[in-house]
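Chemist: Here it is: the structure, laid out below.
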Amino acid sequence: MAQTAKAVLYSDSGGCVTEEILAPAAGEYGDVIQTADGRASVVLGADGASSAFSSGDKITVAKTGQFKVLKTSSVVLLAGGKAFWDRSAEKANYTCASGDFFLGRIVEDAASSDTEVIVDLNVEPRYAVELGKGRWTNGATDGLGVSLVAEGGPELKLAFDAVAEVAMAALYSVDTVPCADGPIFEGKIAIYDIGDDAALDINFGLANGTHATDFDSVTEACVFHLDGSALSVLAESDDGTTEVNATDTTVDAVDDTYAEYWIDCRDIDDIQMYINGVNVLPNTTFKLDAATGPLKPIVHLEKTSNDTTADVRVEFLRVRSTDLTS
3 MAQTAKAVLY SDSGGCVTEE ILAPAAGEYG DVIQTADGRA SVVLGADGAS
53 SAFSSGDKIT VAKTGQFKVL KTSSVVLLAG GKAFWDRSAE KANYTCASGD
103 FFLGRIVEDA ASSDTEVIVD LNVEPRYAVE LGKGRWTNGA TDGLGVSLVA
153 EGGPELKLAF DAVAEVAMAA LYSVDTVPCA DGPIFEGKIA IYDIGDDAAL
203 DINFGLANGT HATDFDSVTE ACVFHLDGSA LSVLAESDDG TTEVNATDTT
253 VDAVDDTYAE YWIDCRDIDD IQMYINGVNV LPNTTFKLDA ATGPLKPIVH
303 LEKTSNDTTA DVRVEFLRVR STDLTS
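Now the structure itself:
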């Protein structure tokens with residue numbers, strides 16, 4: 003895509019919803035702004051008008067429609083996912099920092115080298131499975147299990163205490179998606195305590211089930227993996243026929259810091275794994291083509307008889323289902 007300076011209308015199929023407002027600040031036509039109702043808006047130009055406007059001028063803004071906008075460099079944005087507007091950089095990004103705002107749903111994949119992305123303004127993604135909606139459950143064997151980080155807050159914590167015992171804590175969806183539907187997993191997860199012994203294993207991603215003591219016994223899965231006492235993030239897959247052993251992504255989790263993890267199964271013969279919008283291990287062929295599924299999002303902690311502690315936080319888990327056929 004060739005870079006443009008401002009947002010450009012890509013498609014207004016069904017018509018753009020527009021509104022006349024007084025400009026909250028000076029700017030130029032094509033600017034992306036946030037209006038008083040909290041929604042993202044694109045300032046539309048008028049025939050014969052200059053490109054600039056002043057604070058208090060009457061302007062027309064679009065609140066719907068597909069727009070091509072600048073994109074944060076070096077990150078991938080996947081079709082169907084969320085885009086946020088980085089207010090300071092004036093670019094679309096996969097994540098939202100303080101002061102930024104929701105932009106819309108990504109229309110087409112944008113590679114890390116692309117300078118632009120097409121976004122359906124103010125349209126939310128459609129998730130087949132999403133934490134906080136639908137049916138979810140948790141499992142625990144001894145330990146501290148699964149709990150809310152704060153009363154009424156969105157974060158969940160999976161934790162072990164310093165008791166020498168076999169323990170497991172798992173959070174997973176009851177609702178599932180078929181392998182053939184090309185699911186895309188999204189999780190925002192933080193490691194607050196990685197433990198002090200390799201007896202601890204942490205897994206999160208997509209799987210066809212759970213296990214009381216040994217996640218390796220799950221027959222079909224594509225997950226990120228961490229071994230206790232090491233913040234190295236690994237990735238692995240097993241479809242019941244082909245197993246790709248845990249491989250170092252060369253990315254380390256940052257203690258007490260959330261990261262976004264994506265698993266793109268639209269091609270189940272060559273699944274792509276992402277950490278914070280960056281494709282990791284693109285030349286490793288993770289696969290679920292022999293899996294029968296169905297699959298569910300899961301976070302799973304386990305330890306053998308050891309007194310290592312653990313603390314893993316989850317902000318969101320969700321899956322988009324693209325209704326593809328294998």
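For the sequence shown, the tail end lands on 328 under the working numbering, and the numbers increase by one without skipping. C-beta: ideal position from N, C-alpha, C; glycine also. Small disclaimer: the values here were computed from a predicted structure and weren't measured.
(1) Tell me the rounded alpha-carbon separation between Leu236 and Arg268.
(2) Report the start-end ranges of each alpha helix (DSSP H) in the stretch 102-128 that is 4 residues or longer and not cut off at the edges.
(3) How big is the Cα-Cα spacing for Leu80 and Leu208?
(4) Which same chain residues, not among the five before or five after Gly295, have their C-beta less than 6 Å away from its C-beta?
(5) Does DSSP put Asp218 in a helix, a strand or coil?
(6) According to DSSP, simplified to helix, strand and coil, what is Ala192?
(7) How about Ile186 and Arg89: are their beta carbons less than 8 Å apart?
(8) Could you give the residue range of the beta strand (DSSP E) that holds Ala164?
(9) Could you tell me which of Ile61, Ala223, Ile108 sits nearest to Lys70, measuring between CA atoms?
(10) Could you give the residue range of the beta strand (DSSP E) that holds Ile35?
(11) Take every Cβ of the stretch 278-295, pair it with every Cβ of the stretch 131-149, and state whether three or more of those distances are shorter than 8 Å.
(12) Mind the definition here: the stretch 51-68 touches the stretch 96-103 only if three or more C-beta pairs lie below 8 Å; say whether that holds.
(13) Can Glu222 be considered in contact with the ligand COA, in the sense that its beta carbon sits closer than 7 Å to one or more heavy atoms?
Modeler: Concretely, from the data shown:
(1) As a position in the sequence shown, residue 236 is number 234, starting the count at 1. As a position in the sequence shown, residue 268 is number 266, starting the count at 1. If I take the Cα positions, the gap works out to 21 Å.
(2) none
(3) The count along the sequence shown starts at 1 and reaches residue 80 at position 78. The count along the sequence shown starts at 1 and reaches residue 208 at position 206. Our two residues, Leu80 and Leu208, have alpha carbons roughly 18 Å apart in a direct line.
(4) As a position in the sequence shown, residue 295 is number 293, starting the count at 1. For Gly295, where only same-chain residues beyond five positions count, the Cβ hits under 6 Å are Pro180, Cys181, Asn210.
(5) To locate residue 218, count along the sequence shown from 1; it is residue 216. It is helical.
(6) Within the sequence shown, the letter at position 190 stands for residue 192. Assigned with DSSP and collapsed to three states, Ala192 falls in strand.
(7) Along the sequence shown, one-based indexing puts residue 186 at 184. Along the sequence shown, one-based indexing puts residue 89 at 87. Against a cut-off of 8 Å, the Cβ pair of Arg89 and Ile186 comes out as no contact.
(8) Here the question's residue 164 lines up with position 162 in the sequence shown. No beta strand (DSSP E) contains Ala164, which DSSP labels as neither H nor E.
(9) One-based indexing of the sequence shown puts residue 70 at position 68. Selected option, being the one with the closest Cα: Ile108.
(10) Translated into positions along the sequence shown, residue 35 becomes position 33. Here the beta strand (DSSP E) through Ile35 covers 34-36.
(11) no
(12) Pairwise C-beta distances place the stretch 51-68 out of contact with the stretch 96-103, as fewer than three of them are shorter than 8 Å.
(13) With respect to small molecules bound, the structure shown includes none, and the ligand COA cannot be examined in it.
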